[in-house]
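Q:
Residue numbers (the working numbering): 653 to 820.
#1: Is the distance from the Cβ of residue 726 to the Cβ of residue 803 below 7 Å?
#2: Please determine, among 719, 724, 711, 678, the residue with the shortest C-alpha to C-alpha distance to residue 761.
#3: When you compare only the Cα positions, how much space is there between residue 816 and residue 734?
#4: Of the choices 694, 676, 719, whose alpha-carbon is the least far from that of residue 758?
#5: Can you check whether the CB of residue 808 is closer than 7 Å to the CB of residue 721?
#6: Using the beta-carbon count (16 or more within 10 Å), is residue 736 buried or exposed?
#7: Please state whether DSSP places residue 801 in a helix, a strand or coil.
#8: Do residue 765 and residue 668 have their beta-carbon atoms positioned less than 7 Å apart in this structure?
#9: For residue 791, I'd like the list of residues in its chain whose CB is within less than 8 Å of its CB, leaving aside the five on either flank, ordered along the chain.
#10: Quick check on DSSP: helix, strand or coil for residue 735?
#11: Would residue 698 and residue 768 qualify as a contact pair, given that the criterion is a beta-carbon distance under 7 Å?
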């Protein structure tokens with residue numbers, strides 16, 4: 653089972669990579685964690701949970717220890733150079749970049765990539781769940797490189813019950 657889940661994790665990354673992106677710009681960062689890497693991520697999540705007094709991070713730090721793999725999907729900041737948009741709350745991309753904002757298309761593209769990714773997991777009947785807590789810990793730990801500013805994590809397992817939903 654373990655090898656099958658790891659193979660599917662790579663297919664999940666492929667689906668995220670080939671998902672449509674605004675203006676075709678690929679700012680996606682990906683990584684598949686396994687074994688001790690998951691343990692270290694769990695420790696980081698628990699650290700955040702304690703530091704921020706956040707039960708979600710503490711619960712999720714325990715939950716991911718049951719994963720065979722964790723897929724990390726993140727995005728780097730990027731500006732499309734649109735002269736008129738304003739969806740980000742600024743007049744245009746130049747104003748957003750000057751203010752250090754995040755172009756609205758970055759999380760939009762990431763969301764589309766996540767949707768493509770989990771559809772592969774579902775097609776293979778691999779237990780999964782999209783978790784912001786994993787992504788935030790991965791960004792804080794630099795697991796997707798220094799440029800990744802937004803991320804989510806998808807733990808994967810193949811058990812009788814989805815341990816990422818059937819939890820305390």
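Every residue gets a Cβ at the ideal spot worked out from N, C-alpha and C, and that includes glycine.
A: Taking the coordinates as given:
#1: For the purposes of this step, residue 726 is identified with residue 74 of the chain shown, where counting begins at 1. For the purposes of this step, residue 803 is identified with residue 151 of the chain shown, where counting begins at 1. Yes, the Cβ-Cβ distance between residue 726 and residue 803 is below 7 Å.
#2: Start at 1 with the first residue of the chain shown, and residue 761 comes out as number 109. Relative to residue 761, the option among 719, 724, 711, 678 whose CA is nearest is 678.
#3: Taking the first residue of the chain shown as position 1, residue 816 is located at position 164. Taking the first residue of the chain shown as position 1, residue 734 is located at position 82. When rounded, the distance between both Cα atoms is 40 Å.
#4: Counted from its first residue, the chain shown places residue 758 at position 106. Nearest of 694, 676, 719 to residue 758, Cα basis: 676.
#5: Along the chain shown, read from residue 1 onward, the residue named residue 721 stands at position 69. Along the chain shown, read from residue 1 onward, the residue named residue 808 stands at position 156. Contact flag set, yes.
#6: In the chain shown, residue 736 corresponds to position 84, counting from 1. Flag for residue 736 reads exposed.
#7: Translated into the one-based positions of the chain shown, residue 801 becomes position 149. Note: residue 801 maps to strand in three-state DSSP.
#8: Taking the first residue of the chain shown as position 1, residue 668 is located at position 16. Taking the first residue of the chain shown as position 1, residue 765 is located at position 113. Contact flag set, yes.
#9: Counting from 1 along the chain shown, the entry for residue 791 is found at position 139. Excluding positions up to five away in sequence, the list reads 726, 800, 801, 802, 803.
#10: Numbered from its first residue, the chain shown carries residue 735 at position 83. Correct three-state label for residue 735: coil.
#11: The residue you call residue 698 lines up with position 46 of the chain shown. The residue you call residue 768 lines up with position 116 of the chain shown. Cβ atoms of residue 698 and residue 768: not closer than 7 Å.
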